[in-house]
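According to our numbering, the sequence shown holds residues 181 to 245 in order. Have a look at the structure below before the remarks.
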Amino acid sequence: HFAKRFHLFQNNSQLEVLSITPPVFNLLRINKNIEAKSKLLLNPLFPTLKKEIIHLFICIFAQSS
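See the structure below:
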């Protein structure tokens, strides 16, 4: 069913895009915004997360050997 819809979407992609209502576009824009903000917030955490994960792997590896 999904494949059929996707095929239809490919065939009249321009029509489909035109039929999307502005509220949907707004939602998409808001979504992108939230995504960008969460990335900014999470960025400082990545180095610590990486360290934690590496530490975890070292612990597991040490236990398994």
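For every residue, glycine included, the Cβ atom is placed at its ideal position computed from N, Cα and C. Note that the structure is predicted; figures quoted are calculated from it, not measured.
- Task: Look up P227 in the DSSP assignment and say whether it is helix, strand or coil.
- Result: Looking at P227 - three-state DSSP - the assignment turns out to be helix.
- Between the C-alpha atoms of K217 and N206, what's the straight-line distance to the nearest angstrom? One Cα belongs to K217, the other to N206, and the distance between them is close to 17 Å.
> How big is the Cα-Cα spacing for L222 and T228?
Replying inline: Distance between the alpha carbons of L222 and T228 is about 11 Å.
Legend entry - Own chain partners of A242 with C-beta closer than 7 Å, once the 5 adjacent residues on each side are dropped: There are no such residues.
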